[in-house]
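Protein chains: 2
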Amino acid sequence: MTASNTPSLHSGLRAVLDGRWASTRDQVRAHIQEAGLVPRAGVPLERYRAEVLDQMRAMVPMGFPAAGFPDAGFPERGGPGDPGAAVTAIETLGYGDLSLMVKAGVQWGLFGGAVENLGTAEHHERFRQGLIDLDILGCFAMTETGHGSDVQQLETTATYLPESGEFELHSPTPSARKDYIGGAAEHARWAAVFAQLITAGPEGQRTDYGVHCFVVPIRDDNGDDLPGVTTSDCGYKGGLPGVDNGRISFDRVRIPRTALLNRYAEVAPDGTYSSPIESDNRRFFTMLGTLVRGRVTVGAAAGAAGRLALTLAVRYALVRRQFDGPGEDGEELLLLDYRTHQRRLLPLVARAYAFALAQNEVTAELAELQSQPPGEVDPDRMRRLETMAAAIKAGHTDLASRAAIEARTACGGAGYMAENRLPQIRDDLDVFTTFEGDNLVLTQLVAKHLLSAYAAEAGELDTAGWVRFVAGMARDVTLEKTGVRQVIQTMLDSSDESTEDSELSDPATAVRLFTAREDHLVRTCAARLRRANEEDVDAFEVFTSTQDHLIKVGQAHIDLLALEAMIAAISELPESPVRETLETVRTLFVYATLEQDLGWFLMHRFISVERAKAIRRGVNELCGRLRPVAGDLVEAFGVPEAALDVPMLTDPAFV
Amino acid sequence: MTASNTPSLHSGLRAVLDGRWASTRDQVRAHIQEAGLVPRAGVPLERYRAEVLDQMRAMVPMGFPAAGFPDAGFPERGGPGDPGAAVTAIETLGYGDLSLMVKAGVQWGLFGGAVENLGTAEHHERFRQGLIDLDILGCFAMTETGHGSDVQQLETTATYLPESGEFELHSPTPSARKDYIGGAAEHARWAAVFAQLITAGPEGQRTDYGVHCFVVPIRDDNGDDLPGVTTSDCGYKGGLPGVDNGRISFDRVRIPRTALLNRYAEVAPDGTYSSPIESDNRRFFTMLGTLVRGRVTVGAAAGAAGRLALTLAVRYALVRRQFDGPGEDGEELLLLDYRTHQRRLLPLVARAYAFALAQNEVTAELAELQSQPPGEVDPDRMRRLETMAAAIKAGHTDLASRAAIEARTACGGAGYMAENRLPQIRDDLDVFTTFEGDNLVLTQLVAKHLLSAYAAEAGELDTAGWVRFVAGMARDVTLEKTGVRQVIQTMLDSSDESTEDSELSDPATAVRLFTAREDHLVRTCAARLRRANEEDVDAFEVFTSTQDHLIKVGQAHIDLLALEAMIAAISELPESPVRETLETVRTLFVYATLEQDLGWFLMHRFISVERAKAIRRGVNELCGRLRPVAGDLVEAFGVPEAALDVPMLTDPAFV
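For the protein sequence lines, the chains are E and A, in the order given.
First residue of the first sequence: 1, per UniProt numbering; consecutive thereafter.
First residue of the second sequence: 1, per UniProt numbering; consecutive thereafter.
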């Protein structure tokens with residue numbers, strides 16, 4: 001059974017959501033369907049892991065892994081590769097099994113991305129083809145038990161020994177062990193290891209040049225740890241049973257000088273350090289920046305899994321009846337006919353639309369920048385992409401996690417049964433808010449970029465230094481912000497300026513409100529941070545007391561990015577039922593977002609009491625208006641039927 | 001290591017939280033500690049289930065199971081049993097393993113409670129001792145695949161056959177199968193089965209007298225299904241791996257006439273139906289009402305598990321350092337020194353205090369009413385207990401589930417490792433918001449009781465009927481509400497009436513605000529429902545369009561109950577650091593609750609813009625004020641150390 005009633009509507013919506021890499025999506029959808037790639041419960045770890053590795057091998061001939069790399073593997077593709085297709089393929093695995101998505105992302109995205117973006121020709125020659133074909137299995141050994149979010153403080157050291165021309169890799173303390181590393185428990189033979197690079201400074205003194213990445217063999221062909229390497233298994237986790245997360249410690253392991261991925265730094269045989277980027281801090285952030293693809297991919301895949309969860313819940317709500325209905329026939333009402341049930345699912349569906357469209361923009365920008373020769377990328381544009389990637393990763397994974405929890409609950413007891421898959425989706429998704437940048441840390445990062453007007457130098461400062469930097473900025477930061485894109489500006493220019501009098505269904509009004517919130521938050525946050533200029537005021541103390549304000553700046557920006565993406569996508573459509581439906585979805589997104597933060601808007605008099613009441617009513621009305629097309633809205637996500645083949649949607653005991 | 005710094009403070013706080021059944025709590029704590037009852041990951045279902053059954057057997061000699069029944073098992077206890085101790089013992093298992101808690105709750109609370117409260121002497125004689133001692137293993141077969149929340153619509157039939165003096169138990173459709181039944185997959189030999197009782201009416205016609213409960217054997221001594229009974233296994237779920245949930249279908253199974261638990265209804269050998277309660281509806285709700293203990297227990301145990309999760313997260317935040325600190329020594333800051341980290345955990349801790357105290361009140365009232373002879377219980381008081389039990393179950397399980405999710409996230413990668421137990425706690429807790437009454441349904445129930453001024457007749461009506469009932473009530477429902485308890489009234493009488501001028505730290509001001517919100521919501525909701533009086537208006541349509549308003553009524557009442565309980569508990573304490581700390585906790589609960597719904601308070605002008613801004617600042621300040629005693633606040637929960645013995649708190653790699 002399908003819950004959709006208007007094929008032309010949902011196929012039109014799907015075309016909008018699928019965007020530029022629609023054919024890649026369709027190929028991966030077909031593959032999920034054929035191979036039955038769905039999350040399973042109760043499979044022992046070893047078996048699950050082995051099966052996921054087999055599933056990866058089956059994907060190699062499809063070409064997606066190679067598409068992430070220039071000139072690699074499939075010469076008929078030629079040229080600079082197709083990073084957008086590579087990201088979109090992994091994203092679409094979110095409609096299948098996130099264990100596969102993560103393990104594939106680690107191998108091709110993170111390990112492969114480190115070798116590709118931080119290494120040079122010699123490394124590409126040595127590793128590229130093998131890691132695409134899975135002859136070389138790698139892992140990405142950045143996080144340590146002691147440090148996850150604050151990567152600059154990693155403790156692992158790589159000390160250069162000029163006498164032998166080698167680095168000595170070492171974990172000096174228990175907290176220096178690499179932890180939670182996907183692939184490290186079992187399958188990885190190689191690791192991209194992040195460590196403090198130590199060598200003689202210009203005057204011969206032992207100098208720490210900060211975190212660099214090294215490609216290091218960790219296991220022999222039998223899978224045994226190499227001498228000096230100790231791996232262990234994280235065992236069961238809150239989800240992702242098909243990913244073999246593990247730990248790695250190094251006990252004075254010697255690796256050749258060429259193990260340093262040396263695009264941004266080189267150590268000469270005599271130990272002399274050189275880099276095209278002088279500042280250790282800026283070099284570090286430049287290196288991290290090249291790894292942005294992982295963050296983009298994780299946000300995208302979480303979004304897909306969130307849409308899967310919403311599809312399951314909406315379909316269930318369209319077949320499941322409970323309690324007495326209005327009719328004389330005594331037929332019970334469908335769950336989705338209840339206002340409260342609409343309210344718990346449809347605003348999430350609307351938000352999923354907004355973020356899917358914003359995610360497409362991030363992927364496109366990433367594809368654009370990563371198709372350019374590294375030297376030619378505009379660093380400002382790169383910083384903006386990093387901010388956008390951080391914002392959409394935080395917003396999209398947060399949404400997906402909430403959607404999975406709500407979907408489980410909205411399906412009641414059936415939702416708690418593993419056979420209906422919602423528990424696994426919830427469990428697998430949970431850590432997406434943590435890895436590839438904890439969402440709270442990322443939201444602060446977004447706010448920091450906004451407040452320091454994307455100034456490159458701000459990235460190099462510690463907390464207190466950054467506070468003093470912002471406090472010292474004479475200019476008004478809001479004026480320095482990136483100008484809005486043309487389509488939004490045109491819309492604003494041709495619309496009524498008074499937000500209170502104009503309709504909230506008018507996108508210009510919505511943009512004005514979202515922008516006003518962000519601007520106000522940025523200005524007042526900057527004003528609070530400027531207190532750090534006063535005498536006897538501790539900059540760190542100022543930071544701590546302003547931290548929740550800072551988070552709110554980031555959150556406001558995340559909402560605005562999603563809104564702008566949705567408006568831009570709609571603006572390209574001709575008048576049609578598809579466009580009309582998307583406008584209603586956008587309006588629900590706007591109303592629900594405003595309702596979520598109504599206290600703030602009222603407190604700061606951006607919304608009147610009357611309008612506030614209208615917003616609450618409006619969410620109800622919009623839910624009612626979208627109710628008849630709810631099946632189409634989720635059908636448009638294009639989740640493969642194999643992922644939806646669960647008893648609560650098919651067993652006659654339920655439907 | 002212990003994170004606590006002031007033993008006298010946390011032991012004083014613990015005494016307040018532990019309340020009347022403190023010794024029961026301590027016994028169960030000691031048992032958890034000795035027996036190492038903690039949730040585990042990766043244990044195969046069969047083994048986990050068998051181990052939990054063994055753990056139940058080990059509890060029998062401790063006397064808690066018997067305490068739930070009058071005169072049973074342990075004659076030295078004598079008298080009417082000790083239902084408060086029975087509930088508190090099961091509650092405290094929430095500090096251990098929720099699988100054990102649920103399986104124990106099903107056997108002694110639900111199955112035992114059905115036999116005890118719905119059966120008569122013959123049933124007590126036949127089953128009581130055996131089910132206490134686990135010689136008789138039972139399950140509680142109420143929910144069906146087709147109907148969970150709406151129990152009156154169950155499809156299973158029990159048709160009386162006067163020719164043989166038996167009932168024929170039957171599942172007429174696929175959706176009539178009993179589903180999600182704890183114990184039904186494997187261990188239960190008996191089931192308390194809820195089914196539509198059908199027998200000849202006064203004029204000989206086939207009549208359905210509504211849902212009744214029957215005690216039915218389902219398996220033989222070898223564990224094989226009895227003839228006509230088909231059980232199956234729900235398999236893996238979103239959590240609770242130690243509970244063997246299953247399904248049961250009946251194919252014209254004959255059971256003796258005496259299988260009917262006949263306290264509230266009897267079928268004579270000739271098939272004549274009789275009951276002391278004439279209305280089918282009222283009888284049904286009376287029977288359900290006697291089962292309120294299950295709902296109380298589930299809320300209480302979820303609360304305990306939520307406190308366990310918060311203890312893990314707060315302790316971690318008190319040992320884990322990350323990012324640069326303010327000092328010159330470069331020492332990183334503890335997580336709990338960050339304002340955002342305080343904000344994500346401490347308001348939940350404050351709410352956990354409020355609900356723990358409210359839960360104690362519900363348990364005490366339950367113990368009081370269930371110690372009275374059934375015939376002497378004041379039905380009004382019983383209805384109020386049912387409302388309070390529904391309210392606190394919804395509020396407490398919702399809080400616990402949110403706390404577990406937040407605790408997992410706040411512990412980052414470590415929180416996702418099964419070895420640190422937060423994923424299992426989150427998974428096990430998840431379904432507590434669904435079973436024993438879906439929280440959304442319960443919240444509506446609370447609101448319905450308030451709006452119909454607890455009128456007994458309101459319980460008998462269907463949705464449209466109830467709307468018309470409320471619409472037709474001439475009196476102003478808010479005046480009919482139960483008077484507040486004396487301690488609150490005295491406090492209100494002696495305090496300033498103007499909420500805007502008085503401090504929010506003044507509990508009278510807080511009560512006035514919470515009460516004003518509830519009253520306003522009740523009045524305006526009643527006004528909206530009265531539209532059903534107008535001509536051409538469909539009562540069901542009115543209900544649907546008012547449903548989100550109704551939910552808000554329920555939520556406001558839940559908050560008020562928790563606040564009142566906290567004020568009452570504090571009022572009994574002498575001036576002391578314990579009292580002072582609890583007052584700060586209460587104030588944080590008040591501020592955080594107001595902040596959560598600031599939009600509403602502003603919109604309805606119960607709070608000025610200035611006060612609203614002060615509330616946001618106030619949450620920050622109160623978090624800062626509680627930061628130094630945060631360790632004591634969770635130490636006071638008294639979670640056994642065995643439950644906290646996890647690597648992230650003990651392994652030198654972390655701390």
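Even for Gly, the Cβ is constructed at its ideal location relative to N, Cα and C.
Computed from a predicted structure; not experimentally measured.
Assuming residue 169 of chain A contacts residue 127 of chain A (C-beta within less than 8 Å), just tell me the rounded distance between them. Not confirmed; about 18 Å, so no contact.
Excluding the five sequence neighbours on either side, which residues of its own chain have a C-beta within less than 6 Å of the C-beta of residue 281 of chain A, listed in chain order? 460
Could you tell me whether any Cβ in chain A is nearer than 9 Å to the Cβ of residue 685 of chain E? The structure shown has nothing for residue 685 of chain E, since chain E only spans 1 to 655.
Between the Cα of residue 9 of chain A and the Cα atoms of A:578, A:161 and A:298, which residue gives the shortest distance? A:578
Evaluate the contact criterion for the region 442-454 of chain E versus the region 390-407 of chain E: three or more CB pairs, one atom per stretch, below 8 Å. yes
Within-9 Å CB hit, residue 139 of chain E to chain A: no
Would you list the residues sitting across from residue 250 of chain A in a DSSP beta bridge? A:229
Under 9 Å, CB to CB, which of the residues in the region 413-431 of chain A have a partner in chain E? 413, 414, 415, 416, 417, 418, 419, 422, 423, 424, 426, 427, 430 and 431
At a Cβ threshold of 9 Å, is residue 347 of chain A touching chain E? no
C-alpha gap between residue 150 of chain E and residue 323 of chain A, whole angstroms: 6 Å
Can you say whether residue 503 of chain A is buried or exposed, counting buried as having 16 or more other CB atoms within 10 angstroms of its CB? exposed
According to DSSP, simplified to helix, strand and coil, what is residue 36 of chain E? coil
Could you give the distance in angstroms between the alpha-carbon of residue 7 of chain A and the alpha-carbon of residue 628 of chain A? 13 Å
Does the distance from the C-beta atom of residue 212 of chain A to that of residue 300 of chain A stay below 9 Å? no
Going by alpha carbons, who is nearest to residue 218 of chain E out of E:259, E:14, E:350 and E:321? E:259
Given a limit of 9 Å on CB to CB distance, which residues of the region 78-110 of chain E reach chain A? none
When the cut-off is 9 Å and only beta carbons count, does residue 593 of chain A lie next to chain E? no
Taking beta-carbon pairs under 7 Å, can you tell me which members of the region 487-500 of chain E lie near chain A? none
For residue 67 of chain E, which residues from the same chain have a beta carbon less than 6 Å from its beta carbon, with the 5 sequence-adjacent residues on both sides left out? 81, 82, 85 and 86
With a threshold of 16 other CB atoms inside 10 Å of the CB of residue 274 of chain A, please say whether the residue is buried or exposed. exposed
What do you get for residue 347 of chain A, buried or exposed, if any count of 16 or more other CB atoms within 10 angstroms of its CB means buried? buried
Three or more C-beta pairs under 8 Å: does that hold for the region 612-620 of chain E against the region 362-379 of chain E? no
Min CB distance residue 44 of chain E to chain A below 9 Å: yes
So, helix, strand or coil for residue 160 of chain E, using DSSP? strand
Which value, in whole angstroms, describes the spacing of the CA atoms of residue 684 of chain A and residue 452 of chain A? Because chain A here runs from 1 to 655, residue 684 of chain A falls outside it and cannot be looked at.
Starting from the C-beta of residue 241 of chain E, find all residues in its chain whose C-beta is less than 7 Å away, skip the five residues before and the five after it, and write them out in chain order. 43, 45, 48 and 99
For residue 343 of chain A, return the contacting residues in chain E, with the cut-off set at a CB-CB distance below 8 Å. 548
Any beta-carbon of chain A closer than 9 Å to the one on residue 533 of chain E? no
How would you call residue 245 of chain E, buried or exposed, if buried means at least 16 neighbouring beta carbons within 10 angstroms? buried
Element boundaries [beta strand (DSSP E), containing residue 362 of chain E]: Premise fails: residue 362 of chain E lies in the alpha helix (DSSP H), 339-370, not in any beta strand (DSSP E).
Measuring only the C-alpha atoms, how far is residue 545 of chain E from residue 308 of chain A? 29 Å
When the cut-off is 9 Å and only beta carbons count, does residue 194 of chain A lie next to chain E? no
Let me make sure I understand the geometry here. Which of E:209, E:139 and E:179 has the alpha-carbon closest to that of residue 189 of chain E? E:139
In DSSP terms, what residue 182 of chain E is bridged to: E:245
Under 8 Å between beta-carbons, which chain A residues line up against residue 620 of chain E? List them in chain order, please. 545 and 548
Along chain A, which residues have their Cβ under 9 Å away from the Cβ of residue 174 of chain E? 651, 652, 653 and 654
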